[in-house]
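Residue numbers (this note's numbering): -6 to 449. Working notes for the structure below.
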Amino acid sequence: MRLVVLTRAWRLHDHPALQAGGPSALVALDSFDGDWPRRTACWRRLSRRELAFKLRSQGLAPLDARRLDSRALAELARLGLSEIHLDAACDPLGDAWLQRLQGAGLPVYRHAPALTLLELLLEGRPTLPRSFSAFHRLFQARAHIQPAQDFHAASPMALPASLKALEWQEEATATDSSLPSGWQPGEEAGLAALASFMERNWSVDSREWERSAPSAFAEGGSSGLSPWLAQGNLGPRRLWQALGEALDQPASAPLAASLRRQLVWRDYALALHAHHPSLEWEAVAPAWRLFPTRPLAGRLEAWKEGRTGIPVVDAAMRQLRDEGWMHNRLRMMCGTWLVKQMGQPWVDGLAHFREQLVDWDPALNAMNWQWCAGCGVDAQPWFRLFSPEKQAERADPEGALLRRWVPELSPLSLPVARRAWALTPLERAAVDYPVADPDPSRGRAEALEAWARFRA
Ligand SMILES: Cc1cc2nc3c(=O)[nH]c(=O)nc-3n(C[C@H](O)[C@H](O)[C@H](O)COP(=O)(O)OP(=O)(O)OC[C@H]3O[C@@H](n4cnc5c(N)ncnc54)[C@H](O)[C@@H]3O)c2cc1C
């Protein structure tokens, strides 16, 4: 008899742990969300409820993984349990699960949320490649991506009365208001989002695609699939396979190739977290742990609330607050602005994204924050600073984001509103918008000064 413990992947399709457990396995669901930020916890709860319903409709009553203490595991072993398959990332939370289950003295196999088996990919290498291109080359040479399959349960063993207390209990169905409206957690919604994404017009130029960064709910800019991927509702192999079909068509091939590359970035982040369990709080590059920051609570709060006086940053940060999502280009802009021009510790930005994102993933968030701060792998050099005006032109060419999220600048023309840190006294009198602290030229000077002090 096998036991499958699910902690991350709330779906029946493309599920390596369920496949490895086989159709007669006992399935246990992690019912504790206290280790997760509020929005993610809510997404998990709703996804788990859907999955439990699906398992039950296949005749399989899930267990509550948190009730699997050493006594319960010993009892299962006595009844013939021979191995455990754990669905968990190679990160501190996943490690804690692994340790706990290993206490039963049975073999425990971990199945991480990556696209490929990272142990095989990196086999024989003492360290993880420090650049994405090197990792990508390795991936192209070695990755073996299993076809995504659907799981179907056979009739499992009936639990003896002594173990009935282990059964997963239906969670309260009270409406949960932690998620921004408009999002639909769960496998069904994730598969529907994938299907509608695949039906989009793919014949646009991939640079054109990257340039527009609309709302999370509008078409264009990117796939918009990250919440379902991050919360385990959509299998990465299923997406990879769908992109493979798009690769066969000349019109959609460039975009499909660029999205597959993004998925390899995802595996890079997951591998990085496995190699650096402290990725969320400690710079990968040791020298950067001493980088001089200039913590100022007022600046951090202004950034969180979208009141920095830099319109593109404020628009994106307000979108994050209200929709729980923003486009990658804007994440890079907001992240680097906080860390470089505003001089705040990257861990504070990371913690805020952790709370706000509906697609929060510990590895992806941490790798990208370290990228913004120049202290991780493949990070951009510190002295390369984004211009808020150029980024706004690139990410929001029509000004749709700006008009939607910073309506107080609507009396001004788009070119003037984009540079609202440089308003004349007359223009400023017409709008109620914060004075930038710092403005781009002071921010640049402060960032370069910190860089000079660090290098001295
Ligand atoms: C500071 C910062 C924090 C971030 N935090 C997160 C996070 O917590 N969760 C998260 O899913 N993404 C995070 N990202 C990466 C990226 O911004 C999002 O994955 C992307 O914007 C999601 O939108 P999409 O699905 O439309 O992306 P698409 O461009 O359609 O990409 C498809 C998928 O590829 C993966 N991917 C795309 N970009 C990256 C990247 N830079 N690094 C790793 N994988 C990537 C994601 O799984 C994404 O869903 C962060 C980026 C930055 C700069």
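Backbone N, C-alpha and C fix where the C-beta goes; we use that ideal spot for every residue, glycine too.
- When DSSP assignments are scanned along the segment 100 to 161, the uninterrupted stretches of alpha helix (DSSP H) that are 4 or more residues long and fall wholly within it turn out to be 111 to 114 and 125 to 135.
- The segment 34 to 45 makes no contact with the segment 91 to 100, as fewer than three CB pairs between them are under 8 Å.
- For ALA356, the three-state secondary structure derived from DSSP is helix.
- Ordered by chain, the residues meeting the criterion of a beta-carbon within less than 6 Å of a non-hydrogen atom of ligand 1 are SER215, SER216, GLY217, LEU218, SER219, LEU222, ALA223, LEU252, GLN255, LEU256, TRP258, ARG259, ALA262, HIS320, ASN321, ARG324, MET325, GLY328, PHE346, LEU350, ASP352, TRP353, ASP354, LEU357, ASN358, ASN361, TRP362 and CYS365.
- Unbroken alpha helix (DSSP H) runs of no fewer than 4 residues, entirely contained in the segment 40 to 75, are found at 63 to 71, following chain order.
- Going by DSSP, LEU419 is part of the alpha helix (DSSP H) stretching over 418 to 423.
- For LEU378, no alpha helix (DSSP H) encloses it, and the DSSP letter there is neither H nor E.
- Inter-segment contact for the segment 346 to 356 and the segment 372 to 380 is absent: fewer than three beta-carbon pairs are separated by less than 8 Å.
- DSSP lists LEU(-4) and VAL101 as the bridge partner or partners of ILE77.
- By the Cβ criterion, the segment 290 to 301 is not in contact with the segment 153 to 162, since fewer than three pairs of Cβ atoms, one from each stretch, lie closer than 8 Å.
- Excluding sequence positions up to five before and after ALA54, its CB lies within less than 7 Å of the CB of GLU160, all in the same chain and listed in chain order.
- Classified as buried, LEU69 has 16 or more neighbouring CB atoms from the shown chains inside 10 Å of its CB.
- Cβ contact annotation for ALA18 (same chain, cutoff 6 Å, sequence separation greater than five): ARG(-5) and VAL(-3), in chain order.
- As for any alpha helix (DSSP H) of minimum length 4 sitting wholly inside the segment 394 to 449, the runs are 407 to 411, 418 to 423 and 433 to 448, ordered along the chain.
- The beta-bridge partner set that DSSP reports for VAL20 consists of VAL(-3).
- With distances taken between CA atoms, GLU76 lies nearest to ALA10 out of ARG314, TRP195, ALA134 and ALA10.
- The way I'd put it, the segment 77 to 84 does touch the segment 265 to 280; three or more beta-carbon pairs between them come closer than 8 Å.
- Taking every protein chain shown into account, the CB of ARG446 has fewer than 16 other CB atoms within 10 angstroms, so this residue is exposed.
- Close CB contacts of PRO122 within its chain, under the 7 Å cut and outside five residues either way in sequence, are with PHE128 and LEU131 (chain order).
- Annotation for GLY228: ALA2, ARG4, HIS6, ASP7, HIS8 and ALA141 place their beta carbon closer than 8 Å to its own, counting only its chain and skipping 5 residues before and after.
- Counting along the chain, TRP274 sits inside no alpha helix (DSSP H), nor does DSSP assign it H or E at all.
- Beta-bridge annotation (DSSP): HIS6 is paired with ASP143.
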